[in-house]
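Each protein sequence line maps, in turn, to chains R and X.
The letter at position 192 of the first sequence is residue 192 when you use my numbering, and the numbering goes up by one with no holes.
The letter at position 174 of the second sequence is residue 174 when you use my numbering, and the numbering goes up by one with no holes.
One structure is given here, and the rest of the page talks about it.
Protein chains: 2
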Amino acid sequence: MIKPQIPLLLISFFTLLIMLPKSTSARLHPRRDGTPPSSSSGGGDGKFCLSWRLGVEANNVVAWGTVPRECQEEVESYMIDGQYEEDLDLVMQQIFSFLNSIPLSFDSFDAWVLDVDDTCLSNLYYYKTKRFGCEPYDPVGFRAWASKGGSPAISPVLQLFNKLLEKGFKVFLVTGRDQETLGQATINNLHNQGFIGYQRLILRSGEYKGQSAVRYKSDIRQKLEKEGYRIWGNVGDQWSDLRGNSTGNRTFKLPNPMYFVP
Amino acid sequence: MIKPQIPLLLISFFTLLIMLPKSTSARLHPRRDGTPPSSSSGGGDGKFCLSWRLGVEANNVVAWGTVPRECQEEVESYMIDGQYEEDLDLVMQQIFSFLNSIPLSFDSFDAWVLDVDDTCLSNLYYYKTKRFGCEPYDPVGFRAWASKGGSPAISPVLQLFNKLLEKGFKVFLVTGRDQETLGQATINNLHNQGFIGYQRLILRSGEYKGQSAVRYKSDIRQKLEKEGYRIWGNVGDQWSDLRGNSTGNRTFKLPNPMYFVP
């Protein structure tokens, strides 16, 4: 009965080894060795991909075309194993807590702005076929997907939408989708997912073709303010939804590590 | 030799169980069950604390006084086990790549703005004594720490600083530290850590007392622009360093989950 305990011990040892965090020594000092910033794969792909995703969400990583190949697994796991939904929920808690602090005027000019793609409607199914953003943007493929009008609602955002209406806000949905080719499909999709009762859906009309989302959306929001609306909150999955002019009293960045809109 | 294989199999089975991700079923649909956003502890403290930290870095979680108690371990591990440094490195890569794209004028008006606390100089040692931000802000304690002038440089930022000087930028250090009480200690600390050759160190003078960092720093940057400086980049660990007016062509948010400056 002695021999069989050896593999047992060995397995326990290797199990422990595998499960230990990569570095257990506390490095309290920021690195002082004068080495330049590490290469893209840094301290292992796992850590690099976490950094990359944080960089995207904090608007440090911009104008990227595709998810780094080595991060496909990380992004896929993030999107489908629960952390994405957890992150969404936390943003919603922040929004609800802000909502309760707003002194409403009930003059029909208290407004909120919501983006559509990956804010109201999820394109996760589509991006699954694009290796979660590892494949370059495919305008024809995306148009075909969006034309079907089958994107599911992002449930916490639908709840927010209904809460906003209930409280008396005017909700403006502002999207970079092309009005001519995707207008009707978008109206249908929002309706079949329960986004009913918004003040206005604003799609990209001809005059804004080719403009960056920051400029186009800033212009739209400025026009809303000129109409007298007070934009209390502005929610989007891209920093281009939230930057520029007339951004609103508070902006809320929903997570999206799958693509970048300039 | 058959019996001993049973514990072996059992151990392998439990090892596998432990190492499997919490949920292996791909939840491609955002939650559609109509439940309200989950409570603060959400899907377990680990997930919640990741969400909270992301919320801080994306400027969704604002005006918070202390790190949530249940997140002390997560924040501590983040700061000392390497991910913080990895995240810093990634931001630096983005900055260096931006730097190389800037068309310099060599007229002495190409400028960068850097914050000081937890941008140039690390207060990690101090915050270790404050349970990594779980204890409320202690102005007396912080002043005592800062007065010593012993905060270590954040090495990648020191490298950036030297690269900026080498390229010919004018570097402005803009800090919310009180000029009267911390001016000399800050000058000494920057010097003893190698921050030598900056254009100007701007501390909070009497006229800005009590103002939010966003207003104070916006005002300083506007004055720099009025002097003719072009602010190409603006680096800070707080969103209040990066928001407001004259924010610079690009802003870079360094990670800091330990405290919030309004």
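Positions of the beta carbon are idealized from the N, C-alpha and C atoms, including for glycine.
Taking DSSP as the reference, what is the three-state secondary structure of Pro21(X)?
Within the second sequence, numbered from 1, the residue matching residue 21(X) stands at position 21. Annotation note: pLDDT 33 at Pro21(X) (below 50); position unreliable, coordinate value reported separately. In this structure, Pro21(X) counts as coil in the three-state DSSP scheme.
Any chain X beta carbon closer than 7 Å to Glu57(R):
Within the first sequence, the letter at position 57 stands for residue 57(R). Yes - at least one Cβ of chain X is within 7 Å of the one on Glu57(R).
8 Å Cβ cut-off: residues of chain A touching Phe142(R):
In summary, chain A is missing from the structure at hand, where the protein chains are R and X.
What are the partner residues of Arg250(X), as DSSP defines its beta bridges?
By 1-based counting over the second sequence, the position of residue 250(X) is 250. Gly233(X), per the DSSP bridge assignment.
Which full runs of the beta strand (DSSP E) of 3+ residues lie inside the stretch 147-233 of chain R, going along the chain?
170-178 and 200-204
Between Phe161(R) and chain X, is any beta-carbon pair separated by less than 7 Å?
Translated into the one-based positions of the first sequence, residue 161(R) becomes position 161. Not closer than 7 Å to any Cβ of chain X, the Cβ of Phe161(R) fails to qualify, so no.
Should Gly206(X) be flagged as near chain R, meaning a C-beta pair shorter than 7 Å?
Sequence index remark: in the second sequence, residue 206(X) carries index 206 (1-based). By this cut-off, Gly206(X) is not an interface position.
Going by the DSSP bridge assignment, what does Leu121(R) pair with across the sheet?
Here residue 121(R) refers to the residue found at position 121 when the first sequence is read from its first residue. DSSP output for Leu121(R) lists Asp117(R) and Ala153(R) as bridge partner(s).
Three-state class that DSSP yields for Trp112(X) in the structure shown:
Looking up residue 112(X) in the second sequence gives position 112. Of the three classes helix, strand and coil, the one that applies to Trp112(X) here is strand, per DSSP.
Short CB-CB distance (under 7 Å) between Lys47(R) and chain X
Numbered from 1 along the first sequence, position 47 holds the residue referred to as residue 47(R). Answer yes: the Cβ-Cβ gap between Lys47(R) and chain X drops below 7 Å somewhere.
Examine the Cβ distances between the stretch 232-241 of chain R and the stretch 249-261 of chain R and report whether three or more of them are shorter than 8 Å.
yes
Rounded straight-line distance, which links the Cα of Glu73(R) to that of Ala26(X)
By 1-based counting over the second sequence, the position of residue 26(X) is 26. By 1-based counting over the first sequence, the position of residue 73(R) is 73. The predicted model places Ala26(X) with a pLDDT of 30, which falls under 50 and marks its position as unreliable; any figure quoted below should be read in that light. Between Ala26(X) and Glu73(R), the C-alpha separation is close to 13 Å.
By the 10 Å Cβ neighbour count, where 16 or more other Cβ atoms means buried, how is Ala111(R) classified, buried or exposed?
As a first step, residue 111(R) is located in the first sequence; it is residue number 111 there, counting from the start. It is buried - the Cβ of Ala111(R) has at least 16 other Cβ atoms within 10 Å.
Under 9 Å Cβ-Cβ, which residues of chain X neighbour Gly236(R)?
For this step, residue 236(R) is matched to residue 236 along the first sequence. Per Cβ cutoff of 9 Å: no residues; Gly236(R) is ~12 Å from chain X at best.
Asn249(X) to Leu160(X), Cα distance in whole Å?
Taking the second sequence and counting its residues from 1, the one referred to as residue 249(X) is at position 249. Taking the second sequence and counting its residues from 1, the one referred to as residue 160(X) is at position 160. Asn249(X) and Leu160(X): Cα-Cα distance of roughly 17 Å.
Just to confirm my understanding: we take Arg177(X), look at its own chain, exclude 5 residues before and 5 after, and list those with CB closer than 6 Å. What are they?
Your numbering for residue 177(X) matches position 177 in the second sequence. These residues qualify, in order along the chain: Thr186 and Leu203.
What span of residues does the alpha helix (DSSP H) with Arg53(X) cover, start to end?
The residue labelled residue 53(X) in the question sits at position 53 within the second sequence. From DSSP, the alpha helix (DSSP H) with Arg53(X) extends over Asp45 to Glu57.
For the candidate residues Thr181(X), Lys209(X), Phe172(X) and Asp115(X), whose alpha-carbon lies nearest to that of Gly197(X)?
Residue mapping note: residue 197(X) aligns to position 197 of the second sequence, counting from 1. Minimum Cα distance to Gly197(X) is reached at Phe172(X).
For Tyr216(R), collect the residues of the same chain with a Cβ closer than 7 Å to its Cβ; drop the 5 residues on either side in sequence, then sort them by chain order.
Against the first sequence, residue 216(R) aligns to sequence position 216. If we look at Tyr216(R) and ignore the five residues flanking it on each side, its Cβ neighbours are Gly176, Arg204 and Tyr208.
Arg32(R), DSSP secondary structure in three states
For the purposes of this step, residue 32(R) is taken as the residue at position 32 of the first sequence. Only weak support exists for where Arg32(R) lies, its pLDDT of 31 falling under 50; the value from the coordinates is given anyway. In the structure shown, Arg32(R) sits in coil (DSSP, three-state: anything other than H, G, I, E or B).
Could you spell out where the alpha helix (DSSP H) holding Met79(X) opens and where it closes?
As a first step, residue 79(X) is located in the second sequence; it is residue number 79 there, counting from the start. Unbroken alpha helix (DSSP H) run through Met79(X): Gln72 to Ile80.
For chain X, is any of its Cβ atoms less than 7 Å away from the one on Gly244(R)?
Within the first sequence, the letter at position 244 stands for residue 244(R). No - not a single Cβ of chain X is within 7 Å of the one on Gly244(R).
Interface flag, Ser101(R) vs chain X, CB-CB below 7 Å:
Against the first sequence, residue 101(R) aligns to sequence position 101. Judged by the 7 Å Cβ criterion, Ser101(R) is not in contact with chain X.
Please list, in chain order, the chain X residues whose beta carbon lies closer than 7 Å to that of Gln72(R).
Taking the first sequence and counting its residues from 1, the one referred to as residue 72(R) is at position 72. Per Cβ cutoff of 7 Å: no residues; Gln72(R) is ~14 Å from chain X at best.
Element boundaries [alpha helix (DSSP H), containing Leu242(X)]
Within the second sequence, numbered from 1, the residue matching residue 242(X) stands at position 242. Here the alpha helix (DSSP H) through Leu242(X) covers Trp239 to Leu242.
Can you find the residues in the same chain that come closer than 6 Å, C-beta to C-beta, to Leu158(X), ignoring five residues on each side of it along the sequence?
Along the second sequence, read from residue 1 onward, the residue named residue 158(X) stands at position 158. Once the five neighbours on either side are set aside, the close Cβ partners of Leu158(X) are Gly194.
Contact under 7 Å by Cβ, Leu99(R) with Gly168(R)
In the first sequence, residue 99(R) corresponds to position 99, counting from 1. In the first sequence, residue 168(R) corresponds to position 168, counting from 1. Contact flag unset, no.
Grouping DSSP H, G and I as helix and E and B as strand, with all else coil, what is Phe98(X)?
Residue mapping note: residue 98(X) aligns to position 98 of the second sequence, counting from 1. In this structure, Phe98(X) counts as helix in the three-state DSSP scheme.
Any C-beta of chain X within less than 9 Å: which residues of the stretch 169-196 of chain R qualify?
none
What's the gap between the Cα of Tyr78(R) and the Cα of Gln184(X)?
Taking the first residue of the first sequence as position 1, residue 78(R) is located at position 78. Taking the first residue of the second sequence as position 1, residue 184(X) is located at position 184. Cα to Cα, the separation comes out at about 47 Å.
Under 7 Å between C-beta atoms of Asn245(R) and Ser212(R)
To locate residue 245(R), count along the first sequence from 1; it is residue 245. To locate residue 212(R), count along the first sequence from 1; it is residue 212. Cβ atoms of Asn245(R) and Ser212(R): not closer than 7 Å.
Presumed contact (8 Å Cβ cut-off) between Trp52(R) and Val61(R), rounded CB distance
As a position in the first sequence, residue 52(R) is number 52, starting the count at 1. As a position in the first sequence, residue 61(R) is number 61, starting the count at 1. Indeed, because the Cβ distance is near 6 Å, the residues count as touching under 8 Å.
What three-state label does DSSP hand Met92(X) in the structure shown?
Looking up residue 92(X) in the second sequence gives position 92. Met92(X) falls in the helix class under three-state DSSP.
Using a C-beta cutoff of 7 Å, does Lys148(X) count as contacting chain R?
On the second sequence, position 148 is the one that residue 148(X) refers to. Taking Cβ atoms only, chain R never reaches closer than 7 Å to Lys148(X), which makes this a no.
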